[in-house]
Amino acid sequence: MKIDIQKIAEGEESIVIRYIEPNPAVDRIVGILSGQGGRLWGKADGQRVSIEPAAILYLESVDDAVFAYTADKVLRMEGSLSSFMSEWADESFFRCSKSMVININRVASLKSLSSNRIDATMEGGEHIIISRRYASEFRRILKGER
Amino acid sequence: MKEEKKITLWERYLTREIGIEFKACLYFFAFLFFYCVWRMICGSFEASILHMGEMIVCCYLIGYVQVYAFGNFDEAESLKLREGAGMLICTAIYGAVSYFCGWFEGKLMVTLCFAAYILLTYLCVFLIYRTKRRIDDKKLNEELKIFQTEHRK
């Protein structure tokens, strides 16, 4: 992305953003400028909307798309689960399988399953299985050992 | 986020293999106890090494049947048709092997008692694993509440 910064002697300070298609980088810049730097952008019902990350129950990767589920919305987001995890380096989000990330703060209860798996019931009532591969790391996070 | 270390196929196989060997040991000792009690009732304080060898091999092979054919029924969440069928079929195999290998001198009544004992052992192991998971549930949920209290903004 080309960055053009101009110093002006007088007049009102302004920022012009030029983009071909909306993308996560532009969304974040707009979010920061409008005082909503901590919000996530995506599409819901064909419209671009933003949500607080804390409102997300879980994220799911289906084919090449990432969907964020809140209590009442499903947002289709740009990027991948890995890019989400690196951008939002928040301990509350946990990669619980290849295709899912859960918000630990929105887990209603946990159930231990056989073969060291864990069944996480989200606040919306969805059951998400934390596979054996990820369960040990999950237990460490809950204990504050990460 | 840290890059997760992938579990290799070898490690996955090894984990399952250790689980089967653990099962073999567990059931072998349970059946050996029954066998020794039977021997003592018969007035003998000696056990046949051949019978013990047959028992451990049998426990090991049926461990595979349990895990691969019947979905590891003794560690199952609940006892349903598949698990119940698994328990009965494995018990029947143990009973048949004990009868034909003469562990109880071919006595049908003792073989039937042995089959009932196997079913009881399966049920106990199932209940032990379930109780262990219930305790783990409590611990997990306590830790979850603490985590959420510390991390909720």
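Protein sequences appear in the order of chains A and B.
So in my numbering, spot 40 of the first sequence is number 40, and the numbers just go up one at a time.
So in my numbering, spot 2 of the second sequence is number 2, and the numbers just go up one at a time.
Glycine included, every Cβ here is placed at the ideal spot set by N, Cα and C.
Cα separation between residue 140/B and residue 43/A?
Each residue's alpha carbon lies about 35 angstroms from the other.
Distance, Cα to Cα, residue 46/A vs residue 70/B?
So the two alpha carbons sit approximately 47 angstroms from each other.
Using the beta-carbon of each residue, which ones in chain B are nearer than 8 angstroms to residue 114/A?
In chain order: 72, 75, 76, 77, 129 and 133.
Using the rule of at least 16 other Cβ atoms within 10 Å of the residue's Cβ for burial, across every protein chain shown, is residue 86/B buried or exposed?
By the C-beta density criterion, residue 86/B is buried, having at least 16 other C-beta atoms within 10 angstroms.
Suppose only complete runs of 3+ residues qualify. What are the beta strand (DSSP E) ranges in the segment 29-63 of chain A, listed by chain order?
If we require 3 residues or more, the beta strand (DSSP E) runs fully inside the segment 29-63 of chain A come out as 40-44, 47-51 and 58-62.
Going by beta-carbon coordinates alone, are residue 135/A and residue 116/A separated by less than 8 angstroms?
Cβ atoms of residue 135/A and residue 116/A: closer than 8 angstroms.
Chain B contacts made by the segment 65-88 of chain A, where a contact means CB separation under 9 angstroms:
Cβ contacts with chain B come from 82, 85 and 86.
Please list the residues of the segment 83-116 of chain B that have a C-beta atom closer than 7 angstroms to any C-beta atom in chain A, keeping them in chain order.
Taking 7 angstroms as the Cβ-Cβ cut-off against chain A, none of the residues of the segment 83-116 of chain B qualify.
To the nearest angstrom, report how far apart residue 93/A and residue 16/A are at their CA atoms.
Computed Cα separation, rounded: 33 angstroms.
So, does the CB of residue 145/A fall closer than 8 angstroms to a CB anywhere in chain B?
Output row for residue 145/A: interface = no.
Could you give the DSSP three-state label for residue 4/A: helix, strand or coil?
DSSP places residue 4/A in the coil class of the three-state scheme, outside both helix and strand.
Beta carbon of residue 113/A, beta carbon of residue 120/A: below 8 angstroms?
Result no, Cβ atoms of residue 113/A and residue 120/A do not sit closer than 8 angstroms.
Could you name the residues of the segment 9-30 of chain B whose beta carbon sits closer than 8 angstroms to any beta carbon of chain A, in the order they occur along the chain?
Within the segment 9-30 of chain B, contact with chain A at the beta-carbon level (separation under 8 angstroms) is assigned to no residue.
Pair every Cβ in the segment 92-109 of chain B with every Cβ in the segment 53-66 of chain B, then say whether three or more of these pairs are closer than 8 angstroms.
These segments touch.
Local Cβ density within 10 Å of residue 144/A, reported as buried at 16 or more and exposed below that
Burial call: exposed.
Work out the CA separation of residue 40/A and residue 152/B for me, nearest whole Å.
C-alpha separation (whole angstroms): 18 angstroms.
Along the segment 88-114 of chain A, where does the CB come closer than 8 angstroms to a CB of chain B? Name the residues.
Hits within the stretch, in order: 89, 91, 92, 95, 104, 105, 107, 109, 110, 111, 112, 113 and 114.
By the criterion of Cβ-Cβ separation under 8 angstroms, what are the contact partners of residue 118/A in chain B?
Counting only Cβ-Cβ distances below 8 angstroms, residue 118/A has contacts in chain B at 140, in chain order.
Indicate whether at least one CB of chain A lies closer than 8 angstroms to the CB of residue 1/B.
Here the model assigns residue 1/B a pLDDT of 42, short of 50, so the residue's position is not dependable and the matter cannot be decided.
From which residue to which residue does the beta strand (DSSP E) around residue 121/A run?
For residue 121/A, the uninterrupted beta strand (DSSP E) segment begins and ends at 118-122.
Tell me the DSSP secondary structure of residue 39/B in three-state form.
Assignment of residue 39/B by DSSP, reduced to helix, strand and coil, places it in the helix class.
Top-ranked residue by Cα proximity to residue 104/B, from 73/B, 54/B, 134/B and 22/B
For residue 104/B, the nearest C-alpha among the options comes from 54/B.
Say whether the segment 58-77 of chain A touches the segment 124-131 of chain A, bearing in mind that this needs 3 or more beta-carbon pairs closer than 8 angstroms, one atom from each stretch.
Proximity of the segment 58-77 of chain A to the segment 124-131 of chain A meets the contact definition, three or more beta-carbon pairs being nearer than 8 angstroms.
Going along chain B, which residues have a C-beta under 9 angstroms from residue 40/A?
None at all; the shortest Cβ gap to chain B is about 15 angstroms.
To the nearest angstrom, report how far apart residue 21/A and residue 57/A are at their CA atoms.
Taking the straight line from one Cα to the other gives about 28 angstroms.
Secondary structure of residue 103/A, DSSP reduced to three states:
Residue state, collapsed to three classes: strand.
Segment limits, beta strand (DSSP E) that includes residue 67/A:
Segment 65-69, the beta strand (DSSP E) holding residue 67/A.
From residue 67/B to residue 28/A, what distance separates their C-alpha atoms?
Straight across, the Cα-Cα distance linking residue 67/B with residue 28/A is about 50 angstroms.
In DSSP terms, what residue 111/A is bridged to:
DSSP links residue 111/A through a beta bridge to 119/A.
Check the Cβ of residue 59/A against every Cβ in chain B and list those closer than 8 angstroms, keeping chain order.
Within chain B, no residue comes near residue 59/A; the closest Cβ sits about 13 angstroms away, beyond 8 angstroms.
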